[in-house]
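S.K.: Can you read through this structure? Questions will come right after.
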DNA sequence: AACACTGTCTACCATCTGGTAGAGAGACCT
DNA sequence: AGGTCTCTCTACCAGATGGTAGACAGTGTT
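Protein chains in written order, with the working numbering: chain A, 191 to 396; chain B, 191 to 396.
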């Protein structure tokens with residue numbers, strides 16, 4: 191099909207990347223095809239050549255987000271420690287860097303709520319198995335007493351909300367006086383880990 | 191000035207309300223003045239009569255959000271128990287209902303990150319004192335050993351992110367199979383409270 | 001009766017939006 | 001050389017957007 195000729199940073203891919211960043215950081219409706227094209231250094235009609243419509247472009251972007259999210263999280267989940275708290279910690283560490291570096295990514299996930307259901311479903315369906323696996327795992331560990339007893343489904347949602355919120359809501363961090371320096375980043379990550387660990391740990395440790 | 195003649199739901203106020211809901215739920219850029227006007231049952235030019243421009247309307251909306259947020263949170267903070275965990279619990283309970291009932295409210299706060307700084311500042315400046323007071327309070331309680339020792343500023347940010355995220359990210363809740371029924375709501379609220387309590391409680395209780 | 005003020009409206013306008021039609025340049029194939 | 005295919009472009013277009021100008025009706029005020 192559209193197998194690349196030489197460079198892998200094909201026009202198509204560059205459009206996808208630019209669209210992800212713009213959609214995620216400023217909102218889908220607020221970003222015009224002209225703007226995406228300008229960002230890539232190309233005309234709007236070139237964008238429409240690769241993606242028949244804005245809708246189709248958005249679908250492709252969501253597909254990419256799903257793929258990246260799945261890769262990052264799945265890898266972290268698999269290669270982690272046996273202790274659930276450490277395993278969760280590994281996921282947070284793995285997610286944190288890309289999330290803060292590229293807030294558009296999670297920003298786009300957040301954007302889902304504002305999108306027509308058809309689009310939202312496209313991403314949700316892909317991520318769903320991952321969520322279900324997480325829930326199942328948490329339930330097992332709760333049963334074993336390794337995690338605080340709670341509704342595993344909602345705990346997944348709550349933990350996700352915490353991570354996403356802190357990674358995307360820059361204004362909130364500004365309001366509490368946080369600075370986006372390197373050490374600030376590390377500090378934030380560590381506090382986030384401690385926060386989640388405390389929220390998930392069983393009430394009476396060992 | 192624009193003191194209402196008879197009904198308090200003046201055109202101006204109805205425009206503000208509609209704008210808040212639309213801006214907050216769908217994004218500022220994605221909502222047109224025509225749409226707001228249609229929602230109110232009036233022509234676009236009437237909107238522009240009350241607010242000279244979309245920017246000015248947005249400013250007024252942000253001002254209203256700030257006022258409401260401050261009232262709700264401040265009241266909960268003041269009228270609460272002496273124990274910090276119970277006090278936090280009271281705040282969560284107080285914020286939760288309006289937040290879930292009118293997600294546009296917190297949605298608009300989230301929207302700040304996407305807005306020009308001038309607008310973001312307008313709200314942040316108003317909420318800042320409240321944040322500072324919260325931080326100070328948490329620090330005191332941490333010193334007394336009533337709360338888990340942590341960076342109080344970031345803890346405020348994290349707790350806020352959790353509440354806002356769970357209240358506004360409907361898609362996430364759908365993904366974990368949550369249903370917006372009455373009992374579902376209560377259940378969600380209780381899990382949220384337990385989650386935050388665990389995240390903030392000191393490691394060795396009593 | 002004349003006037004001014006208030007609030008809503010109709011009539012426009014320049015600009016931007018997503019999208020169509022099709023030209024043109026280069027690469028590849030025969 | 002001729003033809004086809006791939007990719008990017010210019011030229012448009014219909015509709016929406018934020019905003020201006022000003023008409024018009026109702027309500028006091030004098």
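Ideal Cβ placement from N, Cα and C applies to all residues, glycine included. Every value quoted in this text rests on a predicted model; they were computed, and no experiment measured them.
By the DSSP assignment, the alpha helix (DSSP H) with residue 325 (chain A) in it spans what residues?
M.R.: Unbroken alpha helix (DSSP H) run through residue 325 (chain A): 307–333.
S.K.: Measuring only between beta-carbons, confirm whether residue 198 (chain B) sits less than 8 Å from chain A.
M.R.: Residue placement at residue 198 (chain B) cannot be trusted, given a pLDDT of 48 that sits under 50; what the coordinates show is reported in the next sentence. Judged by the 8 Å Cβ criterion, residue 198 (chain B) is not in contact with chain A.
S.K.: How would you call residue 228 (chain A), buried or exposed, if buried means at least 16 neighbouring beta carbons within 10 angstroms?
M.R.: Label assigned to residue 228 (chain A): exposed.
S.K.: Rounded to whole angstroms, what is the Cα-Cα separation between residue 197 (chain B) and residue 253 (chain B)?
M.R.: A caution first: residue 197 (chain B) carries a pLDDT of 39, below 50, which makes its placement in the model unreliable, though a value can still be read off. Their Cα atoms are separated by approximately 22 Å.
S.K.: Near residue 224 (chain B), which residues of its chain fall below 6 Å by C-beta distance, leaving aside the five closest residues on each side in sequence?
M.R.: Within the same chain, residue 224 (chain B) has close Cβ partners 234.
S.K.: Shorter than 8 Å from the beta carbon of residue 240 (chain B) to some beta carbon of chain A?
M.R.: Not closer than 8 Å to any Cβ of chain A, the Cβ of residue 240 (chain B) fails to qualify, so no.
S.K.: For my contact list, residue 219 (chain A) and residue 209 (chain B) are in at a C-beta cut-off of 8 Å; report their separation, rounded to the angstrom.
M.R.: About 16 Å separates the two Cβ atoms, so there is no contact after all.
S.K.: Find the residues of chain B that neighbour residue 223 (chain A), judging by a C-beta separation of less than 9 Å, and give them in chain order.
M.R.: Here the premise fails: no neighbours, minimum Cβ distance about 15 Å.
S.K.: Of the residues that make up the segment 351–366 of chain A, which ones have a beta carbon closer than 9 Å to any beta carbon in chain B?
M.R.: Result list: 351, 352, 353, 354, 355, 356, 357, 358, 359, 360, 361, 362, 363, 364, 365 and 366.
S.K.: Measure from the alpha carbon of residue 201 (chain B) to the alpha carbon of each residue in B:333, B:232 and B:212, then state which is nearest.
M.R.: Among B:333, B:232 and B:212, the Cα nearest to that of residue 201 (chain B) is on B:232.
S.K.: Hey, out of B:357, B:262 and B:329, whose CA is closest to residue 214 (chain B)'s CA?
M.R.: For residue 214 (chain B), the nearest C-alpha among the options comes from B:357.
S.K.: Residues of chain A with a CB under 8 Å from the CB of residue 317 (chain B): which are they?
M.R.: Neighbours of residue 317 (chain B) on chain A, chain order: 365.
S.K.: List the whole-angstrom C-beta distance separating residue 389 (chain A) from residue 342 (chain B), where the pair is believed to meet the contact cut-off of C-beta under 8 Å.
M.R.: Not really, about 17 Å apart at Cβ, beyond 8 Å.
S.K.: For the putative contact between residue 267 (chain A) and residue 383 (chain A), defined by C-beta atoms under 8 Å, what is the C-beta separation to the nearest angstrom?
M.R.: Their Cβ separation, rounded to whole angstroms, is 16 Å, which puts residue 267 (chain A) and residue 383 (chain A) out of contact at 8 Å.
S.K.: Go through its chain and collect everything with a Cβ distance to residue 375 (chain A)'s Cβ below 7 Å, but skip five positions before and after it.
M.R.: Hits under 7 Å: 290.
S.K.: Give a single yes or no on whether residue 309 (chain B) has its beta carbon closer than 7 Å to a heavy atom of the ligand GDP.
M.R.: In the structure shown, the ligand GDP is absent, as is every other ligand, since no ligand is present at all.
S.K.: Under a Cβ-count criterion, where at least 16 other Cβ atoms within 10 Å of its own Cβ denotes burial, should residue 195 (chain A) be classed as buried or exposed?
M.R.: Residue placement at residue 195 (chain A) is poorly supported in this model, since its pLDDT is 34, which falls under 50; the coordinates still yield a value, given next. Result: exposed.
S.K.: Could you give the DSSP three-state label for residue 377 (chain A): helix, strand or coil?
M.R.: Residue state, collapsed to three classes: helix.
S.K.: Straight-line CA distance for residue 192 (chain A) to residue 256 (chain A)?
M.R.: With a pLDDT of only 35 at residue 192 (chain A), under the threshold of 50, the placement of this residue in the model should not be trusted; the figure read from the coordinates follows. Near 21 Å, if we compare the C-alpha coordinates of residue 256 (chain A) and residue 192 (chain A).
S.K.: Can you check whether the C-beta of residue 325 (chain B) is within less than 8 Å of a C-beta belonging to chain A?
M.R.: Interface residue, yes.
S.K.: So for residue 368 (chain B), helix, strand or coil by DSSP?
M.R.: In the structure shown, residue 368 (chain B) sits in coil (DSSP, three-state: anything other than H, G, I, E or B).
S.K.: Any C-beta of chain A sitting closer than 8 Å to the C-beta of residue 284 (chain B)?
M.R.: Closer than 8 Å: no.
S.K.: Which residues, in order along the segment 338–352 of chain B, keep a beta-carbon less than 8 Å from a beta-carbon of chain A?
M.R.: If the cut-off is 8 Å between Cβ atoms, the segment 338–352 of chain B has 338, 340, 341, 343, 344, 345, 346, 347, 348, 350, 351 and 352 near chain A.
S.K.: Hey, which unbroken runs of the alpha helix (DSSP H) at 4 residues or more fall wholly within the segment 223–304 of chain B?
M.R.: For the segment 223–304 of chain B, whole alpha helix (DSSP H) runs of length 4 or above, ordered along the chain, are 223–230, 234–240, 244–268, 274–291 and 293–301.
S.K.: In whole angstroms, what is the alpha-carbon distance linking residue 364 (chain B) and residue 322 (chain A)?
M.R.: Spanning the two alpha carbons is a distance of roughly 12 Å.
S.K.: Along the segment 301–314 of chain B, where does the CB come closer than 7 Å to a CB of chain A? Name the residues.
M.R.: From the segment 301–314 of chain B, only 302, 303, 304, 310 and 314 have a Cβ closer than 7 Å to chain A.
S.K.: Is any beta-carbon of chain B found at less than 8 Å from that of residue 216 (chain A)?
M.R.: Yes, its Cβ sits closer than 8 Å to a Cβ of chain B.
S.K.: In three-state terms, what does DSSP make of residue 337 (chain A)?
M.R.: In the structure shown, residue 337 (chain A) sits in coil (DSSP, three-state: anything other than H, G, I, E or B).
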